[in-house]
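A.B. asks:
Number of protein chains: 2
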Amino acid sequence: MNIVLLGSGNTATVLAKLMVAKQHSIVQVWSRTFANAHELTSKVGGIAIEFLTDITKEADLYMIAVTDGIVNDIADQLQLKNKIVVHTAGSVSKDVLSSASANYGVLYPLQSLRKDMTTVPEIPFLIDANSEDVKVLLYDFAKELSGSVAFANDEERLHMHLAAVVVNNFTNHLYAIAENLCKQQPLNFQMLLPLIQETAHRLTQVSAIDAQTGPARRGDGATINKHLHLLKENEKIQFIYQTLSNSILDMYHKKEELR
Amino acid sequence: MNIVLLGSGNTATVLAKLMVAKQHSIVQVWSRTFANAHELTSKVGGIAIEFLTDITKEADLYMIAVTDGIVNDIADQLQLKNKIVVHTAGSVSKDVLSSASANYGVLYPLQSLRKDMTTVPEIPFLIDANSEDVKVLLYDFAKELSGSVAFANDEERLHMHLAAVVVNNFTNHLYAIAENLCKQQPLNFQMLLPLIQETAHRLTQVSAIDAQTGPARRGDGATINKHLHLLKENEKIQFIYQTLSNSILDMYHKKEELR
Numbered sequence: 001m002n003i004v005l006l007g008s009g010n011t012a013t014v015l016a017k018l019m020v021a022k023q024h025s026i027v028q029v030w031s032r033t034f035a036n037a038h039e040l041t042s043k044v045g046g047i048a049i050e051f052l053t054d055i056t057k058e059a060d061l062y063m064i065a066v067t068d069g070i071v072n073d074i075a076d077q078l079q080l081k082n083k084i085v086v087h088t089a090g091s092v093s094k095d096v097l098s099s100a101s102a103n104y105g106v107l108y109p110l111q112s113l114r115k116d117m118t119t120v121p122e123i124p125f126l127i128d129a130n131s132e133d134v135k136v137l138l139y140d141f142a143k144e145l146s147g148s149v150a151f152a153n154d155e156e157r158l159h160m161h162l163a164a165v166v167v168n169n170f171t172n173h174l175y176a177i178a179e180n181l182c183k184q185q186p187l188n189f190q191m192l193l194p195l196i197q198e199t200a201h202r203l204t205q206v207s208a209i210d211a212q213t214g215p216a217r218r219g220d221g222a223t224i225n226k227h228l229h230l231l232k233e234n235e236k237i238q239f240i241y242q243t244l245s246n247s248i249l250d251m252y253h254k255k256e257e258l259r
Numbered sequence: 260m261n262i263v264l265l266g267s268g269n270t271a272t273v274l275a276k277l278m279v280a281k282q283h284s285i286v287q288v289w290s291r292t293f294a295n296a297h298e299l300t301s302k303v304g305g306i307a308i309e310f311l312t313d314i315t316k317e318a319d320l321y322m323i324a325v326t327d328g329i330v331n332d333i334a335d336q337l338q339l340k341n342k343i344v345v346h347t348a349g350s351v352s353k354d355v356l357s358s359a360s361a362n363y364g365v366l367y368p369l370q371s372l373r374k375d376m377t378t379v380p381e382i383p384f385l386i387d388a389n390s391e392d393v394k395v396l397l398y399d400f401a402k403e404l405s406g407s408v409a410f411a412n413d414e415e416r417l418h419m420h421l422a423a424v425v426v427n428n429f430t431n432h433l434y435a436i437a438e439n440l441c442k443q444q445p446l447n448f449q450m451l452l453p454l455i456q457e458t459a460h461r462l463t464q465v466s467a468i469d470a471q472t473g474p475a476r477r478g479d480g481a482t483i484n485k486h487l488h489l490l491k492e493n494e495k496i497q498f499i500y501q502t503l504s505n506s507i508l509d510m511y512h513k514k515e516e517l518r
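Chains Y and B, in that order, are what the protein sequence lines are.
Going by our numbering, the first sequence opens with residue 1, and the numbers climb by one from there.
Going by our numbering, the second sequence opens with residue 260, and the numbers climb by one from there.
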């Protein structure tokens, strides 16, 4: 397909490379910052354009791959009649595209993408569209890009986006908290990497609910109290420790909570 | 070395297999449940013993690999003079071993170990001992078992144990929360596994503090509110969402917190 790409950030860049690798063509790239559009075309081909009014009417697919908060703004400026327009946002309704075209949908990559990735990880896609025809077309397109594709309507996609925030953004924040705790000692945070990898890897073999271990899981108040004592001058982290330990106690013990 | 192993759980089992693979011998295994000791000897050799009084005085190393809360109890029942006695617990002082022998230390595996592991992941070790001689001996021994070995005193080990709880137990709890959120829809939690792996893998390339993304990282209140709304009938998870989002806002924005 001939594709017009709106956006030049992490998602736009990785998906463009992936599409080009599958013999699709990026014909135009637009970005709020023209230099970024230009930079992306130098990698994936196509012409960088400065104004949304310069968009060709002749492409097969128009992909809005920008941060969730501005999908709506960009869609409002497009007039593409029956052309297929998609966005890639987890938390935005497909219907913000209804003013841009009569045929629209969503291709949401359920992955954390970064421009500078040297190898592209597996990217599951959630697909939606305003008609069965477009759904099927987008499904087949996504299947070329990924082994893992499923349909999800706006509400389902938002729920999956929430779950993705929990396992990606919140998990990374826990890593950052541990990194800071190590720096304060100092201890070598790198020594935790095998444990972090193993914790993630285990999910391929056992359910997270069944895999739970640790002081809160076994109701070991003595160890929990030792940890809370270590955090006595770090109230915010102590509060997170209590909140998550209480949640584990609640899930497995239905016991009285800490403090 | 000839090793007496006290314990037959996850840590004892995996370390026994690892030691045997490096040509050490397990001469005896004691467990609170004799059948478990017997089962472990069937895998790694040695004789299962029922009573702590049956422990040979002729081994080179006595390893107490039991849950943190009972290390002290077992140590109190040992009389091993100058023999080297170690425990494997992150949160227990080495000095609980002082009544058992004049030579003692700690070999703390910084990894989540399970009996049923088919392949053993990398296991970093933190080492401590009550003398330089024992420290060096334990360091060299751990180096045979692992590429990643460091010294850490009681306090440092407890801090690392706390960090391990954060990146392993708390992270797994977030996975469990996401698994439950998916079940409620239902959505396929398995589709999140590539994202989970990527989040963990990224730490080999970039610091967790720098790798942070997501609605809270970019101060995207609209998306945060959509998620909080989805969780309106799930108050406990909503509270965890708010707590972690506030912590991210605090780390990167020093902004007013949610609600």
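Note that CB positions come from ideal geometry on N, CA and C, so glycine has one too.
Starting from A12 of chain Y, trace the beta strand (DSSP E) both ways and give me its first and last residue.
C.D. replies: Within the first sequence, numbered from 1, the residue matching residue 12 of chain Y stands at position 12. A12 of chain Y -> not in any beta strand (DSSP E); alpha helix (DSSP H) instead, spanning 10-21.
A.B. asks: Please list, in chain order, the chain D residues whose beta carbon lies closer than 7 Å to that of E156 of chain Y.
C.D. replies: In the displayed structure, chain D is absent; the protein chains listed are Y and B.
A.B. asks: Is there a Cβ from chain Y that is less than 8 Å from the Cβ of A467 of chain B?
C.D. replies: As a working note, residue 467 of chain B is residue 208 in the second sequence. True, the Cβ-Cβ gap to chain Y drops below 8 Å.
A.B. asks: Cβ atoms of L451 of chain B and A163 of chain Y: under 8 Å apart, would you say?
C.D. replies: Taking the first residue of the first sequence as 1, we reach residue 163 of chain Y at position 163. Taking the first residue of the second sequence as 1, we reach residue 451 of chain B at position 192. In this structure, L451 of chain B lies closer than 8 Å to A163 of chain Y by Cβ.
A.B. asks: Can you check which of these residues, B:I308, B:L487, B:S267, B:H460, is closest to H159 of chain Y by C-alpha distance?
C.D. replies: Position 159 of the first sequence, counted from the first residue, corresponds to residue 159 of chain Y. Among B:I308, B:L487, B:S267, B:H460, the Cα nearest to that of H159 of chain Y belongs to B:L487.
A.B. asks: According to DSSP, is H253 of chain Y part of a helix, a strand, or is it coil?
C.D. replies: The sequence position of residue 253 of chain Y within the first sequence is 253, counting from 1. In this structure, H253 of chain Y counts as coil in the three-state DSSP scheme.
A.B. asks: Given this structure, state the Cα-to-Cα distance separating S360 of chain B from I224 of chain Y, to the nearest angstrom.
C.D. replies: Stepping through the second sequence from its first residue, residue 360 of chain B is reached at position 101. Stepping through the first sequence from its first residue, residue 224 of chain Y is reached at position 224. C-alpha separation (whole angstroms): 29 Å.
A.B. asks: Pick helix, strand or coil for A307 of chain B, following the three-state DSSP scheme.
C.D. replies: Position 48 of the second sequence holds residue 307 of chain B. Three-state DSSP puts A307 of chain B in a strand.
A.B. asks: Alpha carbon to alpha carbon, how far is A324 of chain B from M260 of chain B? Give it in angstroms, no decimals.
C.D. replies: Taking the first residue of the second sequence as position 1, residue 260 of chain B is located at position 1. Taking the first residue of the second sequence as position 1, residue 324 of chain B is located at position 65. Cα to Cα, the separation comes out at about 17 Å.
A.B. asks: With DSSP collapsed to three states, give me the class of V393 of chain B.
C.D. replies: For this step, residue 393 of chain B is matched to residue 134 along the second sequence. Residue state, collapsed to three classes: helix.
A.B. asks: What are the boundary residues of the alpha helix (DSSP H) that L369 of chain B is part of?
C.D. replies: To locate residue 369 of chain B, count along the second sequence from 1; it is residue 110. Unbroken run through L369 of chain B: none, as it is neither H nor E.
A.B. asks: Taking only the alpha-carbon atoms, compute the straight-line gap between V165 of chain Y and I55 of chain Y and give it to the nearest angstrom.
C.D. replies: What you label residue 165 of chain Y is simply residue 165 of the first sequence in a count that begins at 1. What you label residue 55 of chain Y is simply residue 55 of the first sequence in a count that begins at 1. So the alpha carbons of these two residues sit roughly 33 Å apart.
A.B. asks: Check the C-beta distance from Q28 of chain Y over to V4 of chain Y and give it rounded, since I have them as a contact under 8 Å.
C.D. replies: As a position in the first sequence, residue 28 of chain Y is number 28, starting the count at 1. As a position in the first sequence, residue 4 of chain Y is number 4, starting the count at 1. The Cβ separation is near 5 Å, so the contact holds.
A.B. asks: Tell me which residues of the stretch 164-181 of chain Y have at least one Cβ-Cβ distance to chain B shorter than 8 Å, keeping chain order.
C.D. replies: Correct list: A164, V165, V166, V167, N168, N169, F170, T171, N172, H173, L174, Y175, A176, I177, A178, E179, N180, L181.
A.B. asks: Does R217 of chain Y come within less than 8 Å of chain B when only Cβ atoms are used?
C.D. replies: Residue 217 of chain Y sits at position 217 when you count from the first residue of the first sequence. Yes, R217 of chain Y lies at the interface with chain B (some Cβ there is under 8 Å from its Cβ).
A.B. asks: Please confirm whether G328 of chain B has its beta-carbon closer than 8 Å to some beta-carbon of chain Y.
C.D. replies: Here residue 328 of chain B refers to the residue found at position 69 of the second sequence. So, interface residue.
A.B. asks: Quick check on N2 of chain Y: does DSSP put it in helix, strand or coil?
C.D. replies: Taking the first sequence and counting its residues from 1, one reaches residue 2 of chain Y at position 2. Of the three classes helix, strand and coil, the one that applies to N2 of chain Y here is strand, per DSSP.
A.B. asks: Expressed to the nearest angstrom, what Euclidean distance is found between the alpha-carbon atoms of W30 of chain Y and G147 of chain Y?
C.D. replies: On the first sequence, position 30 is the one that residue 30 of chain Y refers to. On the first sequence, position 147 is the one that residue 147 of chain Y refers to. Their Cα atoms are separated by approximately 29 Å.
A.B. asks: I'd like to know if D335 of chain B contacts chain Y, where contact means its C-beta is closer than 8 Å to some C-beta of that chain.
C.D. replies: Here residue 335 of chain B is taken as the residue at index 76 of the second sequence, counted from 1. Chain Y contact via Cβ: absent.
A.B. asks: How far does the beta strand (DSSP E) with Q443 of chain B in it extend, from its first residue to its last?
C.D. replies: Residue mapping note: residue 443 of chain B aligns to position 184 of the second sequence, counting from 1. Run containing Q443 of chain B: none in the beta strand (DSSP E); it sits in the alpha helix (DSSP H), 430-443.
A.B. asks: Quick one: what does DSSP say H24 of chain Y is sitting in, helix, strand or coil?
C.D. replies: As a working mapping, residue 24 of chain Y is identified with position 24 in the first sequence. Three-state DSSP puts H24 of chain Y in coil, outside helix and strand.
A.B. asks: So, E271 of chain Y versus Q370 of chain B, is the Cβ gap smaller than 8 Å?
C.D. replies: With chain Y represented from 1 up to 259, any question about residue 271 of chain Y goes unanswered, as that position is not in the structure.
A.B. asks: Using CA coordinates, which residue listed in B:E391, B:E415, B:M376 is at the minimum distance from Y367 of chain B?
C.D. replies: Within the second sequence, residue 367 of chain B is the residue found at index 108, counting from 1. It is B:E415.
A.B. asks: Give the range of the beta strand (DSSP E) segment to which M63 of chain Y is assigned.
C.D. replies: In the first sequence, counting from the first residue as 1, residue 63 of chain Y sits at position 63. M63 of chain Y -> beta strand (DSSP E) spans 61-64.
A.B. asks: Quick test of your reading: V96 of chain Y and A75 of chain Y, contact by CB under 8 Å. State the CB separation rounded to the nearest angstrom.
C.D. replies: Position 96 of the first sequence, counted from the start, is the residue given in the question as residue 96 of chain Y. Position 75 of the first sequence, counted from the start, is the residue given in the question as residue 75 of chain Y. About 5 Å; that satisfies the 8 Å criterion.
A.B. asks: For H38 of chain Y, go through chain B and note every residue whose CB falls closer than 9 Å to its CB, in chain order.
C.D. replies: If you number the first sequence from 1, residue 38 of chain Y lands on position 38. Result: empty, since nearest Cβ-Cβ is about 24 Å, beyond 9 Å.
A.B. asks: Once the 5 residues before and after F400 of chain B are set aside, which same chain residues still bring their CB inside 8 Å of it?
C.D. replies: On the second sequence, residue 400 of chain B is found 141 positions in, with the first residue counted as 1. The residues are M260, L320, L366.
A.B. asks: Would you mind sorting F51 of chain Y into buried or exposed? The rule is 16 or more other CB atoms within 10 Å of its CB.
C.D. replies: For the purposes of this step, residue 51 of chain Y is taken as the residue at position 51 of the first sequence. Answer is exposed; the Cβ neighbour count stays below 16.
A.B. asks: Just how far apart, CA to CA, sit T204 of chain Y and F34 of chain Y?
C.D. replies: Residue 204 of chain Y sits at position 204 when you count from the first residue of the first sequence. Residue 34 of chain Y sits at position 34 when you count from the first residue of the first sequence. Their backbone Cα atoms lie some 42 Å apart in a straight line.
A.B. asks: Cα separation between T312 of chain B and P186 of chain Y?
C.D. replies: On the second sequence, residue 312 of chain B is found 53 positions in, with the first residue counted as 1. On the first sequence, residue 186 of chain Y is found 186 positions in, with the first residue counted as 1. Spanning the two alpha carbons is a distance of roughly 42 Å.
A.B. asks: In this structure, does DSSP put D387 of chain B in helix, strand or coil?
C.D. replies: The count along the second sequence starts at 1 and reaches residue 387 of chain B at position 128. Here D387 of chain B sits in strand by DSSP.
A.B. asks: Quick check on the DSSP output: what are the complete alpha helix (DSSP H) runs of length 4 or more inside the stretch 445-513 of chain B, in order along the chain?
C.D. replies: Taking only runs of at least 4 residues, the alpha helix (DSSP H) segments lying wholly in the stretch 445-513 of chain B are 452-460, 467-470, 480-489, 494-511.
A.B. asks: Bridge partners for Y363 of chain B per DSSP, in chain order?
C.D. replies: As a position in the second sequence, residue 363 of chain B is number 104, starting the count at 1. According to DSSP, which records beta bridges pairwise, Y363 of chain B is partnered with B:V344.
A.B. asks: In this structure, how does DSSP classify A164 of chain Y when only helix, strand and coil are distinguished?
C.D. replies: Taking the first sequence and counting its residues from 1, one reaches residue 164 of chain Y at position 164. Note: A164 of chain Y maps to helix in three-state DSSP.
A.B. asks: What would DSSP say about V351 of chain B, mapped onto helix, strand or coil?
C.D. replies: Working through the second sequence from its first residue, we reach residue 351 of chain B at position 92. Correct three-state label for V351 of chain B: coil.
A.B. asks: Could you give the C-beta distance for L138 of chain Y and I127 of chain Y, rounded to a whole number, given that I count them as a contact under 8 Å?
C.D. replies: By one-based count along the first sequence, residue 138 of chain Y stands at place 138. By one-based count along the first sequence, residue 127 of chain Y stands at place 127. L138 of chain Y to I127 of chain Y, Cβ: 5 Å. Contact.
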